[in-house]
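So the structure is just underneath, and the comments pick up after that.
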Amino acid sequence: MGKFDGRVVLITGGARGQGRSHALAFAREGADVAFCDIAAQLDSVPYPMSRSADLDETTKLVEELDRRCVGVTADVRDGAQVRAFVERAVTELGRVDFLLANAGIFSSPAMEVGGNGITVNAVCPTGVDTTMIQNPAAYALFLPDTENPTREDAAPAFQSLNAIPVPWIEPIDISNAMVFLCSDEARYITGETLAVAAGATAANAG
Ligand SMILES: NC(=O)c1ccc[n+]([C@@H]2O[C@H](COP(=O)([O-])OP(=O)(O)OC[C@H]3O[C@@H](n4cnc5c(N)ncnc54)[C@H](O)[C@@H]3O)[C@@H](O)[C@H]2O)c1
């Protein structure tokens, strides 16, 4: 029996990276999954964004866990597209229990919705091993004087941010926090920010 049997999770930015990891972590706990992703390149983003093949891959991986999955192409900056995504999720999966605003920041109305027993929390990671940091433009930010810096070149610079000596953490580390915060064990945790940061928060405070 999973923590989320019969429940439905909505995830933004689920085509790859942390969003995909969350989709699979929640599916392993029994949840059906609806996710959206822009699945297209934005000119302002200096690294390859996900594509429809990534969206299809997340859907396939969730379905392989015998859970239902609705993957929708939608841009979280567009209210109409987000509404259509949520409506499709409710129509096809029947309910919504959890929202993981993985792409885009949603407002955090913990006070507003607390009376209804709804919890709202934020998870703040250090560097996570996804394309968002594993790309030449990100490496160059850390190593402006190195020609064509690589993942290996950038690792010590990323590691210097963290108290625990790792350059970055894995998407599953964030998924584990998401699963905990959505579980009954965390039913009275709301309005909080949880850093999953290998000590980066403490390192920066010092
Ligand atoms: N990777 C890190 O080190 C790190 C650290 C702190 C916070 N974050 C945040 O974590 C979240 C997930 O990033 P990731 O590390 O999995 O990177 P990623 O690039 O692998 O995945 C991000 C996903 O979001 C999708 N996306 C981007 N803009 C979108 C939009 N407007 N509408 C819908 N989908 C959109 C992308 O297509 C992609 O599939 C992001 O919000 C990112 O800012 C990442």
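Numbering (this note's numbering), first residue to last: 3 to 208. Every residue gets a Cβ at the ideal spot worked out from N, C-alpha and C, and that includes glycine. The structure presented is a predicted model; accordingly, all values stated were derived computationally and were not measured.
| Query | Result |
| --- | --- |
| Beta-carbon separation of M51 and L102 under 8 Å? | no |
| Enumerate in chain order the residues of its own chain whose CB-to-CB distance from P48 is below 6 Å, with the five nearest sequence positions on each side excluded. | A139 |
| Taking Q161 as the reference, which of A200, M134, T195 has the closest Cα? | A200 |
| According to the Cβ coordinates, are S110 and V92 closer than 8 Å? | no |
| Taking Cβ to Cβ, would you say V84 is nearer than 8 Å to A25? | no |
| Could you say which of I171, I13, T203, D56 lies nearest to A33 if we only look at CA atoms? | I13 |
| If contacts are defined as beta-carbon pairs under 8 Å, then G15 and G21 qualify, I think. What distance do you get, rounded to the angstrom? | 4 Å |
| Should N206 go down as buried or exposed, given a rule of 16 or more other Cβ atoms within 10 Å for buried? | exposed |
| With a Cβ-Cβ cutoff of 8 Å, do G96 and F37 count as a contact? | no |
| When you measure from the CB of T132 to every non-hydrogen atom of ligand 1, does any distance come out below 7 Å? | yes |
| Measure how close the beta-carbons of E31 and K5 come, nearest whole angstrom, since I'm counting them as under 8 Å. | 4 Å |
| Pick out the complete beta strand (DSSP E) segments inside the stretch 72-100, 3 residues or longer, and give them in chain order. | none |
| Determine the DSSP secondary structure at P173, reduced to helix, strand or coil. | helix |
| One question on the structure: do P169 and T132 come within less than 8 Å of each other, judged by their Cβ atoms? | no |
| Helix, strand or coil for V35? Go by DSSP, reduced to three states. | strand |
| Taking only runs that begin and end inside the stretch 114-144, name each unbroken beta strand (DSSP E) of 3 or more residues, in chain order. | 124-127 |
| For A27, count neighbouring C-beta atoms within 10 Å of its own C-beta (all shown protein chains included) and say buried if the count is 16 or more, exposed if not. | buried |
| Looking only at C-alpha atoms, which of D186, E59, R189 sits nearest to A41? | E59 |
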